[in-house]
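**Student:**
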Amino acid sequence: ARKALYNYLIYPEGHPKAIKNRLKYLPILKAKEELMKCDKLDENAKKLAEEAHATWEVFISKFGVGSEENKRNAWEYISSKLPVMACIRNLRNLLNNKVDTKLFLPKLQDEKTILNSKQLPFRWFSAYREIEGNDNPSTGKVLDALQNAMDISIQNVPRLGGITFSSADNSGSMDSPLSERSKVKYCDVANIMQAMLAHVSDDILTSVFAEHFKIVNVSKRDGIITNMKKFKATDVGYSTDAYKALMYLNENKIKVDRIIIFSDMQCYDSFGRYSVVGERSLGTEFKKYKRQVNPNVRLYSIDLAGYGTAQFPQDELNVALIAGWSDKIFEFIKLFESDKKQ
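The opening residue of the sequence shown carries number 1 in this note's numbering; numbering runs sequentially from there.
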């Protein structure tokens with residue numbers, strides 16, 4: 001409607017495009033005006049909605065109010081017309097209003113549609129987490145579709161060659177939600193990102209840490225959520241002794257091309273304090289690794305909470321300190337490693 005109004009007003013009378021725009025956009029504006037006058041969702045309202053190019057937000061705000069029947073009818077009509085992004089954002093509404101899954105589930109099951117949507121795995125996971133406790137009997141079907149879509153969408157994530165070592169922080173501080181309204185926790189992000197990484201890396205050694213450190217090998221034949229839950233279910237205590245991840249690499253002389261740490265970076269050194277240069281800390285263990293195992297290793301310190309706590313010297317060669325996160329981090333890694341100056 002805004003575009004229609006803009007194009008209707010922008011050209012003055014007498015301009016060559018004025019008549020064309022009025023002929024094109026006046027019917028749209030007229031249909032929108034008539035749609036807003038409708039007091040029920042009938043065939044005429046549906047016809048006007050099509051003619052007005054009404055968005056799902058406009059349609060639901062107009063007709064998806066009042067009685068349970070009104071809400072269900074409005075969501076049923078609009079469900080098959082929702083773009084993929086809008087669909088996964090509204091799965092809870094669709095389930096709560098008892099919309100037949102046959103109307104919207106096919107678009108969440110079609111590989112071509114999933115890949116063309118450009119949605120990356122974490123977006124599908126967020127929808128999964130949002131509805132997994134829903135009491136609609138059809139929820140299981142939708143969860144299956146989301147899990148499958150997540151595994152398909154990993155094809156949109158760049159592959160990483162060489163050998164990767166990664167570790168996900170599962171300490172007590174990571175049990176906090178991303179926001180007051182979010183059902184996703186920081187440990188979920190760490191574990192799902194590592195599960196994604198396992199699928200796009202040629203060779204990888206995955207692990208988790210907190211008070212203790214453990215290697216957790218996963219199979220690429222398993223789904224992303226299955227592997228994520230395997231990481232999360234590994235008991236490593238509650239405090240944040242992240243240095244033990246790199247200490248493991250040092251003690252076993254394991255040569256890797258890159259190290260990726262997913263954490264809120266509220267990490268202790270061997271004296272139980274926050275430190276970059278303690279007797280044993282992430283910073284000192286990394287320097288030792290470069291000195292004794294692989295001087296060319298790249299390290300990615302991903303501070304998921306965005307606190308800005310640095311556990312590595314900021315001027316260290318081949319080190320990327322990232323505050324905040326996105327599932328496009330893997331694109332950044334690909335670009336970072338293509339820069340020969342790093």
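For glycine and all other residues, C-beta sits at the position ideal for the given N, C-alpha and C.
Report back the beta-carbon spacing between Ala31 and Leu48 to the nearest angstrom; my notes put them in contact at under 8 Å.
**Tutor:** As a first step, residue 31 must be located in the sequence shown, where it is residue number 31. As a first step, residue 48 must be located in the sequence shown, where it is residue number 48. Sure, about 5 Å apart at Cβ, within 8 Å.
**Student:** For the beta strand (DSSP E) containing Phe262, list its first residue and its last residue.
**Tutor:** Reading the sequence shown from its first residue, position 262 is the one you call residue 262. First-last of the beta strand (DSSP E) with Phe262: Arg258 to Ser263.
**Student:** Kindly identify the DSSP beta-bridge partner or partners of Ile215.
**Tutor:** The residue you call residue 215 lines up with position 215 of the sequence shown. Paired residues: Ser207.
**Student:** To the nearest angstrom, report how far apart Asn156 and Lys118 are at their CA atoms.
**Tutor:** Within the sequence shown, the letter at position 156 stands for residue 156. Within the sequence shown, the letter at position 118 stands for residue 118. Rounded to whole angstroms, Asn156 to Lys118 spans 7 Å at the Cα level.
**Student:** Less than 7 Å separating the beta-carbons of Leu95 and Asn134?
**Tutor:** Here residue 95 corresponds to residue number 95 of the sequence shown, with the count starting at 1. Here residue 134 corresponds to residue number 134 of the sequence shown, with the count starting at 1. The answer is yes: Cβ separation under 7 Å.
**Student:** What first and last residue would you give for the alpha helix (DSSP H) that runs through Val200?
**Tutor:** Indexing the sequence shown from 1 puts residue 200 at position 200. Note, Val200: alpha helix (DSSP H), Tyr186 to Val200.
**Student:** How many Å lie between Val65 and Phe330 at the Cα?
**Tutor:** On the sequence shown, residue 65 is found 65 positions in, with the first residue counted as 1. On the sequence shown, residue 330 is found 330 positions in, with the first residue counted as 1. Answer to the nearest angstrom: the Cα atoms are 42 Å apart.
**Student:** Taking the C-alpha atoms as reference points, what is the distance between Leu321 and Ser138?
**Tutor:** Here residue 321 refers to the residue found at position 321 when the sequence shown is read from its first residue. Here residue 138 refers to the residue found at position 138 when the sequence shown is read from its first residue. Going from the Cα of Leu321 to the Cα of Ser138 covers about 43 Å.
**Student:** Keeping to the same chain, check which residues put their C-beta closer than 6 Å to that of Lys232; ignore five residues upstream and five downstream.
**Tutor:** By one-based count along the sequence shown, residue 232 stands at place 232. For Lys232, where only same-chain residues beyond five positions count, the Cβ hits under 6 Å are Asn191.
**Student:** Determine the DSSP secondary structure at Ile224, reduced to helix, strand or coil.
**Tutor:** Taking the first residue of the sequence shown as position 1, residue 224 is located at position 224. Of the three classes helix, strand and coil, the one that applies to Ile224 here is helix, per DSSP.
**Student:** Specify, as a first and last residue, the run of the alpha helix (DSSP H) that Ser338 falls within.
**Tutor:** Walking along the sequence shown from the start, residue 338 turns up at place 338. Ile329 to Ser338 is the span of the alpha helix (DSSP H), which, as asked, contains Ser338.
**Student:** Suppose you measure from the CA of Leu304 to the CA of Val184; what does that come to, to the nearest Å?
**Tutor:** The residue you call residue 304 lines up with position 304 of the sequence shown. The residue you call residue 184 lines up with position 184 of the sequence shown. Each residue's Cα considered, the two are about 12 Å apart.
**Student:** Would you identify the three-state DSSP class for Val319, choosing helix, strand or coil?
**Tutor:** Within the sequence shown, residue 319 is the residue found at index 319, counting from 1. Three-state DSSP puts Val319 in a strand.
**Student:** Can you tell me whether Gly272 is buried or exposed, with buried defined as 16 or more other CB within 10 angstroms of its CB?
**Tutor:** Numbered from its first residue, the sequence shown carries residue 272 at position 272. Here the model assigns Gly272 a pLDDT of 48, short of 50, so the residue's position is not dependable, and the following value carries that caveat. Per the 10 Å Cβ criterion, exposed.
**Student:** Determine the DSSP secondary structure at Thr101, reduced to helix, strand or coil.
**Tutor:** Numbered from its first residue, the sequence shown carries residue 101 at position 101. Helix.
**Student:** Is it the case that the Cβ atoms of Asp175 and Ile224 are separated by a distance below 7 Å?
**Tutor:** Taking the first residue of the sequence shown as 1, we reach residue 175 at position 175. Taking the first residue of the sequence shown as 1, we reach residue 224 at position 224. No. Outside cutoff.
**Student:** Please report the straight-line C-alpha distance between Ala210 and Gln266, rounded to a whole angstrom.
**Tutor:** Against the sequence shown, residue 210 aligns to sequence position 210. Against the sequence shown, residue 266 aligns to sequence position 266. Each residue's Cα considered, the two are about 11 Å apart.
**Student:** Thinking just about the alpha-carbon of each residue, which of Asp202, Val218, Ser239 and Ser182 is nearest to the one in Lys229?
**Tutor:** In the sequence shown, the residue the question calls residue 229 occupies position 229. With distances taken between Cα atoms, Lys229 lies closest to Val218.
**Student:** Applying the 10 Å Cβ sphere with the 16-neighbour rule, what's the burial state of Tyr307?
**Tutor:** Residue mapping note: residue 307 aligns to position 307 of the sequence shown, counting from 1. Tyr307 should be labelled exposed.
**Student:** Return yes when the Cβ of Ile215 is within less than 7 Å of the Cβ of Thr164, no when it is not.
**Tutor:** Numbered from its first residue, the sequence shown carries residue 164 at position 164. Numbered from its first residue, the sequence shown carries residue 215 at position 215. The answer is no: Cβ separation not under 7 Å.
**Student:** What is the DSSP secondary structure of Thr113, counted as helix, strand or coil?
**Tutor:** Position 113 of the sequence shown, counted from the start, is the residue given in the question as residue 113. DSSP places Thr113 in helix when its eight states are reduced to three.
**Student:** With H, G and I counted as helix, E and B as strand and the rest as coil, what does DSSP make of Tyr307?
**Tutor:** Position 307 of the sequence shown, counted from the start, is the residue given in the question as residue 307. Tyr307: coil per DSSP, three-state reduction.
**Student:** With DSSP as the reference, identify every bridge partner of Ser179, one or two as the case may be.
**Tutor:** The residue given as residue 179 occupies position 179 in the sequence shown. DSSP, once it has assigned bridges, lists no residue as partnering Ser179.
**Student:** Relative to the alpha-carbon of Met291, which residue among Glu316, Ile302, Ser301 and Tyr300 has its alpha-carbon at the smallest distance?
**Tutor:** Here residue 291 refers to the residue found at position 291 when the sequence shown is read from its first residue. In the sequence as presented, Met is not what sits at residue 291; that position holds Arg. The residue with the shortest Cα to Cα distance from Arg291 is Glu316.
**Student:** Is it buried or exposed for Ser263, if we count other Cβ within 10 angstroms and need 16 for buried?
**Tutor:** Within the sequence shown, numbered from 1, the residue matching residue 263 stands at position 263. Classification of Ser263: buried, given that the 10 Å Cβ count is 16 or more.
**Student:** Check Ile254 in the structure and name its three-state DSSP category.
**Tutor:** On the sequence shown, residue 254 is found 254 positions in, with the first residue counted as 1. Ile254: coil per DSSP, three-state reduction.
**Student:** Could you check if His199 is buried or exposed, using at least 16 other CB atoms within 10 Å of its CB as the buried criterion?
**Tutor:** Counting from 1 along the sequence shown, the entry for residue 199 is found at position 199. Classification of His199: buried, given that the 10 Å Cβ count is 16 or more.
**Student:** Starting from Thr139 and walking both ways along the alpha helix (DSSP H), at which residues does that stretch end?
**Tutor:** Mapped onto the sequence shown, residue 139 falls at position 139. Unbroken alpha helix (DSSP H) run through Thr139: Thr139 to Ser153.
**Student:** Grab the span of the alpha helix (DSSP H) containing Leu48 for me, first residue to last.
**Tutor:** Along the sequence shown, read from residue 1 onward, the residue named residue 48 stands at position 48. Its alpha helix (DSSP H) spans residues Glu43 to Glu51.
**Student:** Per DSSP, Phe165 is paired with what?
**Tutor:** Your numbering for residue 165 matches position 165 in the sequence shown. The partner list for Phe165 (beta bridge, DSSP) reads Leu205 and Ile259.
**Student:** Considering only C-alpha positions, which residue in the set Arg92, Phe59, Met85 and Asp144 is nearest to Leu115?
**Tutor:** Position 115 of the sequence shown, counted from the start, is the residue given in the question as residue 115. The candidate whose alpha carbon is nearest that of Leu115 is Met85.
**Student:** Can you round the beta-carbon distance between Glu251 and Arg298 to whole angstroms, since I take them to be within the 8 Å contact cut?
**Tutor:** Residue 251 sits at position 251 when you count from the first residue of the sequence shown. Residue 298 sits at position 298 when you count from the first residue of the sequence shown. 21 Å between Cβ atoms; not a contact.
**Student:** Below 7 Å between beta carbons: does that hold for Ser173 and Ala245?
**Tutor:** Residue mapping note: residue 173 aligns to position 173 of the sequence shown, counting from 1. Residue mapping note: residue 245 aligns to position 245 of the sequence shown, counting from 1. No, the pair does not count as a contact, with Cβ atoms beyond the cut-off.
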